[in-house]
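Protein chains in written order, with our numbering: chain H, 1 to 345; chain E, 346 to 690; chain C, 691 to 1035; chain Z, 1036 to 1380.
Here the structure comes first, spelled out in structure tokens, and everything after it is commentary.
4 protein chains.
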Amino acid sequence: MLHFDCDYMEGACPEIMDRLLATNLEQTPGYGADGYSRSARERIRQACGQPDAAVHFLVGGTQTNATVIDALLRRHEGVVCADTGHINVHEAGAIEASGHKVLALPGRDGKLPAATLKACLDAYAADDTREHMVAPGAVYVSHPTELGTLYSLAELEELAALCRAAGIPLYLDGARLGYGLAAPGTDVTLRDVARLCDVFYIGGTKVGALFGEAVVAPRPQTLPHFFSLVKQHGALLAKGRLLGLQFDTLFADGLYLRLGRHAVEQAQRLREGFAARGFLPIVDSPTNQQFFRLPNTLIDRLLPEASFEYWGPRGAAESAVRFVTSWATRPEAVDRLLCLLDQAG
Amino acid sequence: MLHFDCDYMEGACPEIMDRLLATNLEQTPGYGADGYSRSARERIRQACGQPDAAVHFLVGGTQTNATVIDALLRRHEGVVCADTGHINVHEAGAIEASGHKVLALPGRDGKLPAATLKACLDAYAADDTREHMVAPGAVYVSHPTELGTLYSLAELEELAALCRAAGIPLYLDGARLGYGLAAPGTDVTLRDVARLCDVFYIGGTKVGALFGEAVVAPRPQTLPHFFSLVKQHGALLAKGRLLGLQFDTLFADGLYLRLGRHAVEQAQRLREGFAARGFLPIVDSPTNQQFFRLPNTLIDRLLPEASFEYWGPRGAAESAVRFVTSWATRPEAVDRLLCLLDQAG
Amino acid sequence: MLHFDCDYMEGACPEIMDRLLATNLEQTPGYGADGYSRSARERIRQACGQPDAAVHFLVGGTQTNATVIDALLRRHEGVVCADTGHINVHEAGAIEASGHKVLALPGRDGKLPAATLKACLDAYAADDTREHMVAPGAVYVSHPTELGTLYSLAELEELAALCRAAGIPLYLDGARLGYGLAAPGTDVTLRDVARLCDVFYIGGTKVGALFGEAVVAPRPQTLPHFFSLVKQHGALLAKGRLLGLQFDTLFADGLYLRLGRHAVEQAQRLREGFAARGFLPIVDSPTNQQFFRLPNTLIDRLLPEASFEYWGPRGAAESAVRFVTSWATRPEAVDRLLCLLDQAG
Amino acid sequence: MLHFDCDYMEGACPEIMDRLLATNLEQTPGYGADGYSRSARERIRQACGQPDAAVHFLVGGTQTNATVIDALLRRHEGVVCADTGHINVHEAGAIEASGHKVLALPGRDGKLPAATLKACLDAYAADDTREHMVAPGAVYVSHPTELGTLYSLAELEELAALCRAAGIPLYLDGARLGYGLAAPGTDVTLRDVARLCDVFYIGGTKVGALFGEAVVAPRPQTLPHFFSLVKQHGALLAKGRLLGLQFDTLFADGLYLRLGRHAVEQAQRLREGFAARGFLPIVDSPTNQQFFRLPNTLIDRLLPEASFEYWGPRGAAESAVRFVTSWATRPEAVDRLLCLLDQAG
């Protein structure tokens, strides 16, 4: 059986597993006060080119989004995002559970257009009744987006400039950041992300780690009392070194980018294979998620041997589907999938 | 350096590490829908003697307490606990962040006396203004308590009877449950816990796992829509199999209890060693936490070679301190500590 | 100066003021346990044809919406509404502050189309990942809507049938209910509202009272522990009789409908006067709010003598504006406004 | 029947009712933007000796406490108070519903002793694990307290100094402030309150108004975005002038203090009458609440003709009870009560 459902089906990359095993019986203080976490924070600061950055390790993405956004907002504020944003759709109301409105704006291919953000901020500033409304208090973008697309550097610069002008922080959800940084043709580097965002996180769960997300705030005062908030959100891992050690490994010797590159290469092979067989992608994604519109009869014939994600009907006889690769995808799996496609087509 | 600070300083027991490694590159569905989680749930149901129980795996203790209590309470209700309860002191307000008051009552040696609970429930029922007050909507106990003490079966039966009579659920925080079940002289078994509590959790983080807590609700309808609440609380692990596999391992061949027994034996050796040197424990704890009142001069002499937790001043020249053993404590470490005590005394 | 800004610019109708004065020094118990509140509840039950209904008096609309919706929803649920709904726009995030997402759907003329609701409920039911999403837990409609429009009886029946089929409550915000019930051509009566909704409120603040909204739940069990929730939301008035006495007055001798009818008649006169002068309404509102698109030059000439609400630009040279009448609008004020229009035109 | 149950049994003082009637049909803008509210704010600023103070009008006490405390605290902070504090007991968990813990400390006669506060703040500052705990973020005192007692100026100065040193705001709940300022022997003036507190409110509901509380922040930046928070808490009255006009009346010609003095005089007469008959007060209250321990047989004989509040059993044959006077208490009612006491005794 071939699995292209998502990018969190395997464990961790061998480098991480080896070190977890090697250090298993060491005794370290909890909650991130250990040496592995210190080292990982330092490596991340260097990779970001932000020597003063605060770096915090959390366990998962929804948790990270809820905790960071809660830290960034005051009570009367909400968070602006594209309507396809993970926080608006697939986090079971975690942002609202912390008391904050998600101000969803119409996105384009999963991205928040700067013009849309500008119109929202301008309308709020011009509204005489704005004190009766939720104030835009932070902006959330995902990069790559939920559709696998990427912001260009110019787009990110423009969003950052709007946020700076409005005095509100820009927060980037990098659950799949590694796959974005490794995408062919992207002009956005980790240093750009760190330079343009007030807070962002580097996703580990989907990019080589067992679990874990690294929150980075280039200016630490952006997230005051964050440790307590992490605890309050139930997001503080007792054995914090497990997070530190994983990110210490990912950020040594360029491993994080290498893992990203592998997944993206397999995704491009998959995409080209589909295109060669007449199935053009329905989103122009340069990363590890690929979306196609396939005949339902074809889908039915693939399913006994390959799993992937159903994305919704497209007319009566076709459906949108998603194939996802990861750092662990074997090239042979892609070969075999394309072979199945030939047999089923 | 000897470490007796807490029971989450090491990684996981070798049985778990071996299996994590062996299964690392398997592909499984996320969020607990995998076979390891299914098997673990079944093993736990059997160990509890509750074939219909709902079993959910979460990552950490504070997170588990906040999510379960939020699931148990309606908006006008609060949770009753002893004033030393973890939820009242060391969770950074996680319960209140979900909108619920912690109704703290004076505890005794970390336990909530049934008479105290009864007085609270009776007073509420008799109060004409009770609709202006927070209703007691659940009762929280920890077992072992934060002071290492244990409820007797009779005490637990009495609390359960009061809860049943009042129609409110009894919730047991078993962060260190393994150390309680393995304690000499306890008459409380896992089946008793499962029979008497409406919800409880079996702690993994402190008892042999890398992380993880297993929430058990013998009657599943006690926790409706719990999956969504877990997600909303940011407590849903993407690679749920990591939790399933750990608990599947802990509940095969009696491993969980064996790990508990080891820690308790070392704690008893430590306690007897201290007593033999004239330092009687200040709490009568049969589990893996031991509290002593030591001269500050002695503490200062121990610290260069042994770490343990400072618990607060006791007069001008003495302090209370806590020594904790775990499933990973080497007997030689206890020997060495007692030796240090001799040298320093 | 003429004021058509809103329907809460004056105090209360004389019948209410007289009784407040006459009873001012009586001593009554607080929090709604007084005789006036009892009598008002009974009159409302009779007017609604719901002898068992629970009736609660609160002070204002935002407060009422937040408290009722909080009472109706469980933690994993949100409330569905049209995107123009008051709860989605002008309540400063009060629903989210209670932890719940507002699931805004595209409205039509301020109304939630049944087909739109059905599509939302069907999509949720069909979504395999729905446990990761906010569950639709209640439906909110306003009647009249924020645009002055009204549901027909058939539309309301259809929404109610969808809610019943999905097992979720229908909640109607009647901040201006009196103006809706008195509108020419409406086929919706108070008894229809009470028959079709699980909860609704009868607005007093905008329809003749100093302040106050009457929440009605035909089946009391729909709002368990509501008194405590009202208190918790800071919505419990100490001198509850002030609310009881006002609603007791409004629901004696058909006063509430009479007040509604007066406002609607003046609004229709205003509308006809504008139309006769070439300004057709931009929303087909049969109630006390009338919307027009006026040249900015005309607006500027009116403003020194008449105030009304700016609703947003419409092209470069025109704007949408809102004129509102109330129970207190003097017919001469409408005459004078039309006269001003002639002079300014 | 004589009523001494509480101080919110009547409507408003005649001066207020007259003006409400006289201005009833005036048209004013909503939400406190009217001239009465402006005038009232100015009068309060002058009475407080704080020309720059922000003054906001809310409807009721629980609402005011919840909104102010929510505005003062960041997410990781809680509010310190005496265990008898209204926010800790009788507000149905309104503070916790906003996400904040009430850090209740043992009070003395309803007051928070400075030494107790100091010990709490010192312990927090010294605790190595304080980031896992709720931070004390504001201090709440009531004046008069729930037991009718008053802080001395020295006590208030001491609390204020501790708060200033710790950098946390001092908030004073003045639900009955008028009765405190008018008490014989008090050395605390309104100007002292305004000088020492960061925020406080002047109670109207219990001191002559129909309803209403005036929140005062001598330094406006203490409560940023407060208007939006008031709206979000459902505490914004549409017809804000009703609040403005009432406080404008109360703060003209010393009316507020005159009303306070009347109630206190009647309370003192009542107290002396009880004492002369052998019933000494059980709390030394110089304000309008008086507590006695009476034989149950006596209570039973009084009840058919006088109502008052039951406060709890005191032994088998006696109970604590509370008698409350108000601005509206007729001297003859006190005479008659004492007469009943003679007959019943």
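Beta carbons: idealized from backbone N, C-alpha and C, even for Gly.
According to DSSP, residue i sits in a beta bridge with which residue or residues?
i       : result
Z/Q1324 : Z/V1359
E/D518  : E/S487, E/Y546
C/A772  : C/L795
E/R659  : E/E663
E/P481  : E/G423
H/V55   : H/V216
C/P803  : C/P803 pairs with nothing; no bridge assigned.
H/H3    : H/S307
H/L294  : H/S319
C/P914  : Answer by DSSP bridge pairing: none, since C/P914 is not bridged.
E/P626  : E/F637
State the CB to CB distance for the pair residue i and residue j, rounded to an integer number of angstroms; the pair is presumed to be in contact (CB under 8 Å).
i       : j       : result
Z/C1041 : Z/V1359 : 5 Å
E/W656  : E/R667  : 5 Å
Z/Q1281 : Z/I1051 : 5 Å
C/L984  : C/E999  : Contact doesn't hold; Cβ gap of about 12 Å is too wide.
H/G345  : H/L298  : 6 Å
Z/N1123 : Z/V1137 : 5 Å
Z/G1247 : Z/F1092 : 6 Å
Z/A1435 : Z/L1225 : Nothing in the structure corresponds to residue 1435 of chain Z, since chain Z is present only between 1036 and 1380.
Please list the terminal residues of the continuous beta strand (DSSP E) segment that includes residue i.
i      : result
C/A907 : 903-907
Take the Cβ of residue i as the centre, count every other Cβ of all protein chains shown within 10 Å, and call the residue buried at 16 or more, exposed below.
i       : result
E/D593  : buried
C/C887  : buried
H/R241  : buried
H/R43   : buried
E/P563  : buried
Z/E1367 : exposed
H/C81   : buried
C/E962  : exposed
E/G530  : exposed
E/Q395  : buried
E/M346  : exposed
H/L159  : buried
Name the two residues that bound the continuous alpha helix (DSSP H) containing residue i.
i       : result
H/L338  : 331-344
E/V609  : 600-621
E/T409  : 406-417
C/P704  : 704-712
Z/Q1081 : 1070-1083
H/D128  : Unbroken run through H/D128: none, as it is neither H nor E.
Z/I1130 : 1129-1132
E/G589  : 586-595
Z/L1197 : 1188-1201
H/D192  : 190-196
Run the proximity test for residue i: is its beta-carbon closer than 6 Å to any non-hydrogen atom belonging to the ligand FAD?
i      : result
H/F279 : Ligands are entirely absent from the displayed structure, and the ligand FAD is therefore not among its contents.
Next on the checklist: Taking 8 Å as the cut-off, does the stretch 1183-1199 of chain Z touch the stretch 1145-1161 of chain Z (at least 3 CB pairs, one atom from each stretch)?
Outcome noted: yes
Checklist entry - If we count Cβ pairs, one from each stretch, closer than 8 Å, do we get three or more for the stretch 467-478 of chain E versus the stretch 603-614 of chain E? => result no
Checklist entry - Quick one: any contact between the stretch 780-787 of chain C and the stretch 720-728 of chain C, if contact means 3 or more CB pairs under 8 Å? => result no
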